[in-house]
Amino acid sequence: MCLAQSTTNSTKNTKVWRPDDNTSPSPAQPGSSEIYRCDILETIEAKIKELDSELRELSLDIHAHPELGFKEFHAHDAYTAFIAKQGFEVTKHFHLETAWQATYTHGSGGRTIGINSEMDALPSIGHACGHNLIGISGVAVACALKTALEKHDISGKIVLLGTPAEEGGRGKVLLLDAGAYKGMDICLMCHPAPGPVGSVSLSGSLALEMISVEYFGHTAHAALSPWEGKNALDAAALGYNNISALRQQIRPTHRIHGIFEQGKNWAINIIPDYAKFQCLVRAPTLKEVKETSKRVSKCFEAAGLATGCEVKINNEGSLSEIRQNSALGGEVANVVLNKYGDIDYEWGIKSASTDFGNITYALPSLHPGFAIPTIVDGGNHTPGFAESAALPAAHYACLDVSKALAATAVRVLLDDDFYAEVRRTYEEDEKERDSL
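FYI, in UniProt numbering the residues of the sequence shown are 1 to 436.
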C-alpha cells in the first residue's frame, strides 16, 4: 500500500460530485487517499506505456476501416492477431461470426475478470462513437492485467470479448444469451464522450426499446382514382406526428425518436400500399420504457385507424439501463482522482443507451465514460466526433482510464473484502431493480 501522487498537475484541484449532493462539485486534494498496491499500478502503467505506439497504430487502423454491425471482419482479424501476439489464447468467430474471445490464466483458482472491446461503426459517419478507442482500451486493460498477474504472481483469469454490433444489433445481449459471460466475476469497459477533458464519468445510461411499425394499405392511381387507395405512407406520417404530440406529455428524462424506412416500389404517382417506421423509446429504467412504449403503440394504432390501413407493431428488442457497480466505480474514482484527472456523474453517455446495460444486470460491471476533445456540436454520432476519436489527446485519455480499470481489476483479484463489497453492492442493486 502507498499514498498516491498526482502525475498530472500538482496544483490542479480534482473534483468528485454526485447527483444527490446538495452543493456543486467541491475540491478534493490529490494524494488524500491511498491507492491499492501502487507497485502493481506502476506495472500497469509501464506495460501500457510500452504498448502505446502499437495501440495507437491499432486504433487508427480500426478507425480507417469502419465496419457496420456484424460485418466487423477487418476489426476481428486485426484485434485477434494483436492479442494473440501478446500471449492470449484466442477463439475466433466466438458464437457470432465477428465476435472473438481472448483468455489468459495465471496460477490456480482466482477470480475471472471480464473485459469488452467494441468494434462496429456507424453508417456513413464511421467511428463517430469512438469504438476504435473502446476496442483498444479493452486490449490495453487485458495486456496490462496479464503483465501484472505474471510479475506479481497473482492468480486469476482474464476473458476479453470482442463484441460486435453495439449500434442497434444488441451484440452483447446475443453473446450473453449464448453464455459468453458465464464464469466472469466482474466485467469492465469504457466509452468516450464529450465533457471536461481529463475527466472520467460514472454516469449511467437510459434503457431502450426498439419498435418498428408496418402499415399495409392499397395502391391506386394518385390522380385518376385516389379514393380507391389506402395510403400507407400517410399512416406512417400520422404515426410520426402523433408521437410529436405525445412528446409534450412525457417526462423530460424520456426520449422517443425514429425514421421512415424506404418503402417497397414507391412511385410519386402511386398511392403507397406499404410503409415502415422504426422507433426507439428510451427512459431511465426498463419499467419506464415499457410504460411509455404502450403510449407510443397507441399513436401507431390511431394512425392506422385514421387511414384505414392495417397496422403491424413489432418489438425488436430492448436494452437495460446501465447499473454502475458502486464499489467498482468508487475504486476507479479513487485511482483517477489521485493519478489522472477528475470524476463526474453528469457527462458520459447518461442520455444514450448501450447493450452493456444488460451485462450490468447480469453481473457486477462498470462502464465509465471518458472525455475527449470535441468541437461545438460535435458530440457522439456526428462527423466531428469521428475526427475527435482519432486525436492523440483522445488516445491518451483512453489509456488513462484503461489504467484505472486494470488497477480496479487487480483489487478484485487480490482483496477479498473489496470483492465482497462488489458483490454486496451488486446484490443490493439487484433488490432495488426487482422492486421497481
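Where is the CB? At the ideal position from N, CA and C, for every residue including glycine. Keep in mind that this is a model prediction, so the values were computed, not measured.
Next on the checklist: Is the beta carbon of A142 closer than 9 Å to that of L319?
Outcome noted: Cβ atoms of L319 and A142: not closer than 9 Å.
Item to check | Separation of G156 from Y181, as counted between CA atoms | outcome: Between Y181 and G156, the C-alpha separation is close to 16 Å.
Checklist entry - Hey, out of S201, R255, A102 and A283, whose CA is closest to G138's CA? => result Considering only alpha carbons, the answer is A102.
Next on the checklist: I need the DSSP call for Y274, collapsed to helix, strand or coil.
Outcome noted: Note: Y274 maps to strand in three-state DSSP.
Checklist entry - Whose CA, out of V401, I349 and V410, lies closest to the CA of residue 438? => result This structure cannot speak to residue 438, because the chain is shown only from 1 to 436.
Checklist entry - In chain order, what residues of the same chain have a beta carbon less than 6 Å from the beta carbon of E310, not counting five sequence neighbours either side? => result Result list for E310: F216, in chain order.
Item to check | Whole-number beta carbon distance between Y340 and D400, since they are thought to touch under 8 Å | outcome: Going by Cβ atoms, the distance from D400 to Y340 rounds to 4 Å, so yes, they are a contact pair.
Checklist entry - Near R255, what residues of its chain come up, given a Cβ to Cβ distance below 8 Å and the 5 sequence neighbours on each side ignored? => result Excluding positions up to five away in sequence, the list reads L206, L280, V281, R282, A283 and S351.
Checklist entry - Can H65 and A81 be called in contact, C-beta distance under 9 Å? => result Contact: no.
Next on the checklist: Contact between the segment 194–205 and the segment 407–426 is defined here as three or more beta-carbon pairs at a separation below 8 Å; is this criterion met?
Outcome noted: Flag = no, the segment 194–205 and the segment 407–426 do not touch.
Item to check | Straight-line Cα distance separating N315 from K151 | outcome: In a straight line, the C-alpha of K151 is about 50 Å away from that of N315.
Next on the checklist: Buried or exposed, going by whether 16 or more other CB atoms sit within 10 Å of the CB of P364?
Outcome noted: Burial call: buried.
Checklist entry - Just to confirm, are A99 and V90 a CB contact at a threshold of 9 Å? => result Between A99 and V90, the CB-CB gap reaches or exceeds 9 Å.
Next on the checklist: Closer than 8 Å is the cut-off here; do at least three beta carbon pairs connect the segment 214–234 with the segment 389–403?
Outcome noted: Counting Cβ pairs under 8 Å, fewer than three are found: no touch.
Checklist entry - What does a CB cutoff of less than 7 Å around A302 pick up in its chain, not counting 5 residues either side in sequence? => result Excluding sequence neighbours, A302 sits near N242.
Next on the checklist: I believe E166 touches E118 by the beta-carbon criterion, under 8 Å. Please report the beta-carbon distance rounded to the nearest angstrom.
Outcome noted: Indeed, because the Cβ distance is near 5 Å, the residues count as touching under 8 Å.
Next on the checklist: Quick check: the Cα distance between H367 and A327, rounded to an integer number of angstroms?
Outcome noted: Each residue's Cα considered, the two are about 13 Å apart.
Item to check | Top-ranked residue by Cα proximity to H191, from H131, A178 and H63 | outcome: Closest by alpha carbon: H131.
Checklist entry - Considering Y215, what are the terminal residues of the beta strand (DSSP E) in which it resides? => result Per DSSP, Y215 belongs to the beta strand (DSSP E) from A207 to F216.
Next on the checklist: Rounded to whole angstroms, what is the Cα-Cα separation between A223 and N269?
Outcome noted: Between A223 and N269, the C-alpha separation is close to 7 Å.
Item to check | A144 versus G109: straight-line alpha-carbon distance, rounded | outcome: So the two alpha carbons sit approximately 20 Å from each other.
Checklist entry - So, using beta-carbon positions, are I211 and V159 closer together than 9 Å? => result No, the Cβ-Cβ distance between I211 and V159 is not below 9 Å.
Next on the checklist: Only counting the same chain, and skipping five residues up and downstream in sequence, which positions put a Cβ closer than 8 Å to that of T307?
Outcome noted: Excluding sequence neighbours, T307 sits near Y215, G217, K230, N231, A232, D234, A235 and L238.
Item to check | Reference K172; option with closest CA among D153, A362, H395 and K298 | outcome: Checked all of D153, A362, H395 and K298; the closest Cα to K172 is A362.
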